């Protein structure tokens, strides 16, 4: 399933806060559902083989459904005398077997039917007669809906536990592992007709009542069972698949069909992309039903519930919704995750399939842009939204439908493709789809099929990327070149850091790219292990640049971007969060900017003057020519914002004010951090909004990081040093102004200013707020002490 983008935050809030919003209802549901969860082992005792669902859905006033469901089942063990079924808050009128009444008990959640004793291999059928108003989920996402002349179900509930939500409209074993075939006979009236899973096998009208019968010959779990009722017409076509011609049925109100056709113009292309990537489409038809639910879509097998608002005549939702839900016909429908804790196998891979669709329809560069954007979102916000860095497998219940599942799951899928290479990756995926066709699997099962079918050992990959949180970070620490005849022996030193994890990554395949001043290029492949490693190659030229992962096939804790620049003007690197204003360029330059979501290297010699950003820095590299001249803009943002822009990137660094924020620089890993000599800090509103940008006057290759000036502790006694002395502008060029708190407005204060060596250069009595002339001072860091009575206030000021 997929949430519409503009409702995602609202629905996530609703899901996470349903317990507070509906305490009594939620408490009852969780107590009841605990019993259901305990009985999921029923599937080891009883095998449900088929459901016959006969429902009257004609009452759009009181919203009552009524009818019966016949359940066919087999016993797997001896001595079975009870059939426990999930059914949520409907009225059970009776239960019969061969026209004989059966005893039962029902507590609004679990229906226990007493049956004649069965032994292993015995088969039986019972029919449950029921009625009532079917439930929606407390989160607002999932369940059964009567809306605006439509009746339809969405097979999961975001707040439900378990999330499966077949039980809101028919008795069943409501879990991921139980699969059965279905027959649906749905009676409607008033010009409304029903669409369900599978093939339409009968359509009869008696008076004003119309009954359409659908048969689903392939086994599905209950959350994929579907019904949609409205005054539908349909748009039909046929897709020539790998093995057969497949009917395509799109159902909508007559007035919506033109928009529907225009929004689904690439549906056949999506089918082609997914069949080529994952193997043949297995269901009777491709089916979508438009419904008025405006918060997302649901991947019911062969009968997808699709938001009417997204079929608006544009292609704005074709990847995120149309292709995503179609991909679920493989990921989640054909092969289903065994438990909700492995939902990334459904949702992460459907999200990655959006990129597969983009690649097939719009090309490789569009694919890379989509992957890059998703990766940056994961690095930037996912751990902030969801309580830290998490593994994609083994997530707790409240994160089943989270960004770790959807976005990081897609990120891991892309990296797995790069790890394996295209030919073996798609070979392994097709083997998984074949081996787990109409079955359930966990992450370990998935790994084992990939390994068995390709011969690649993926133990390290799954241990690192799937079963553990966080990211690795790989960088070229340095490289050295020695001429050897007509060639050059080039040694590259690679460093691994960690973000959000403590486990070093092993056996990581990375691409090394060497470029000379004429843009000649040589690519080498390496396997990275441990914190540091080195590799030596013989090259036909002396390289100006050595970089890792320019193909971006292995996603680590880096948001990279690279461009060839040939003209003056503004050049944006949005993924790397930097923009350049190119003032001069002769010929072409290659610029690679990495925005690194990991800690910078510490000071080699720590003077204690600065505190470095703990979680990010930039690296600017490439092939620059002598005529290249550009300034750069780098935004800082300490605000607690969890979507869009630069939010929260610096909230660990800027805790109160950006007054003492500085930009530090080093040429490479052999150098030490120092204040960059030529930059301007631009405060957008005031010194306390934690938001602004820094302009680098002349961009140089090297590493850049934000830092905060610290007060010189040796100048302050432990009982008198206070930190609420304002100093601005900071940095400045000719003067600064200091301000004491307003409570000292009538005092005469003693002002002392020291240079970075501790030498006193100014001492004077002055007012609590005054400007100090620093025209004659050299560039550097100055320490300011203002004494008012027995109290001492300190701060630092930078002259640039």
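Numbering (our numbering), first residue to last: 345 to 1144. Backbone N, C-alpha and C fix where the C-beta goes; we use that ideal spot for every residue, glycine too. As the structure is a computational prediction, the values presented were derived from the model and not from experiment.
C-alpha distance - residue i paired with residue j, whole-angstrom precision
i, j, result
"residue 791", "residue 692", "15 Å"
"residue 704", "residue 725", "29 Å"
"residue 606", "residue 345", "22 Å"
"residue 502", "residue 1114", "59 Å"
"residue 1129", "residue 1006", "20 Å"
"residue 1059", "residue 1136", "In this predicted model, residue 1059 has a pLDDT of only 40, less than 50, meaning its place in the structure is not dependable; the value taken from the coordinates is given anyway. One C-alpha to the other measures close to 10 Å."
"residue 755", "residue 595", "33 Å"
"residue 1143", "residue 656", "57 Å"
"residue 1037", "residue 1027", "7 Å"
"residue 381", "residue 740", "Caution is warranted here: a pLDDT of 41 is assigned to residue 381, below 50, making its placement in the model unreliable, and the coordinate value is therefore given only provisionally. Each residue's Cα considered, the two are about 14 Å apart."
"residue 929", "residue 698", "38 Å"
"residue 961", "residue 852", "23 Å"
"residue 369", "residue 522", "Per-residue confidence for residue 369 stands at a pLDDT of 30, beneath the threshold of 50, marking its modelled position as unreliable; the derived number appears in the next sentence. Roughly 28 Å separates the two Cα atoms."
"residue 535", "residue 737", "46 Å"
"residue 712", "residue 940", "18 Å"
"residue 624", "residue 610", "18 Å"
"residue 1012", "residue 765", "32 Å"
"residue 530", "residue 728", "46 Å"
"residue 913", "residue 750", "37 Å"
"residue 367", "residue 1004", "Confidence at residue 367 is low in this model, with a pLDDT of 26, below 50, so the placement of that residue should be treated as unreliable; the coordinate-derived value is given next. C-alpha separation (whole angstroms): 46 Å."
"residue 453", "residue 408", "18 Å"
"residue 613", "residue 743", "32 Å"
"residue 975", "residue 927", "8 Å"
"residue 887", "residue 825", "8 Å"
"residue 772", "residue 758", "14 Å"
"residue 582", "residue 626", "15 Å"
"residue 355", "residue 795", "Unreliable positioning characterises residue 355 in this predicted model, as indicated by a pLDDT of 33, which lies under 50. A coordinate reading is not provided."
"residue 893", "residue 489", "48 Å"
"residue 643", "residue 992", "34 Å"
Closest residue to residue i among the options (Cα-Cα distance)
i, options, result
"residue 331", "407, 470, 439 and 433", "The structure shown does not extend to residue 331, since the chain is modelled only from 345 through 1144, so no value can be given for it."
"residue 1008", "1001, 1014 and 1022", "1022"
"residue 815", "806, 973, 789 and 823", "806"
"residue 1042", "1031, 1051, 1024 and 627", "1024"
"residue 844", "813, 834 and 858", "813"
"residue 719", "415, 1070, 863 and 920", "920"
"residue 850", "839, 428 and 1014", "839"
"residue 800", "787, 778, 819 and 768", "768"
"residue 440", "473, 822 and 649", "473"
"residue 732", "748, 475 and 451", "748"
"residue 735", "689, 557, 1020 and 948", "689"
"residue 884", "560, 1010, 828 and 973", "828"
"residue 578", "897, 505 and 600", "600"
"residue 716", "846, 687, 900 and 706", "900"
"residue 402", "437, 450, 485 and 495", "495"
"residue 396", "528, 855 and 775", "528"
"residue 1131", "1110, 553 and 486", "1110"
"residue 560", "525, 895 and 500", "525"
8 Å Cβ cutoff met for residue i and residue j
i, j, result
"residue 568", "residue 447", "no"
"residue 782", "residue 678", "yes"
"residue 654", "residue 675", "no"
"residue 889", "residue 966", "yes"
"residue 1048", "residue 978", "yes"
"residue 1052", "residue 934", "no"
In DSSP terms, what residue i is bridged to
i, result
"residue 817", "841"
"residue 642", "649"
"residue 922", "917"
"residue 1097", "1106 and 1128"
"residue 524", "564"
"residue 1078", "BP columns for residue 1078 are empty, so no partner."
"residue 1052", "955 and 1005"
"residue 852", "872"
"residue 495", "490 and 573"
"residue 891", "857"
Interface flag, residue i vs chain C, CB-CB below 8 Å
i, result
"residue 834", "In the displayed structure, chain C is absent; only one protein chain is listed."
beta-carbon residue i near the ligand MG non-hydrogen atom, thresh 7 Å
i, result
"residue 548", "Because no ligand of any kind appears in the structure shown, any question about the ligand MG cannot be addressed here."
Open item on the list: Check whether the segment 632-651 and the segment 614-624 are in contact - that is, three or more C-beta pairs closer than 8 Å.
Closed with: No, the segment 632-651 is not in contact with the segment 614-624.
- [ ] Specify whether the segment 872-882 and the segment 905-914 touch according to this definition: at least 3 beta carbon pairs, one from each stretch, less than 8 Å apart.
- [x] No, the segment 872-882 does not touch the segment 905-914.
- [ ] Kindly confirm or deny that the segment 457-468 and the segment 408-426 touch, where touching means at least three C-beta pairs closer than 8 Å.
- [x] yes
- [ ] Check whether the segment 567-582 touches the segment 502-520, counting contact only when three or more Cβ pairs, one atom from each stretch, lie closer than 8 Å.
- [x] Flag = yes, the segment 567-582 and the segment 502-520 touch.
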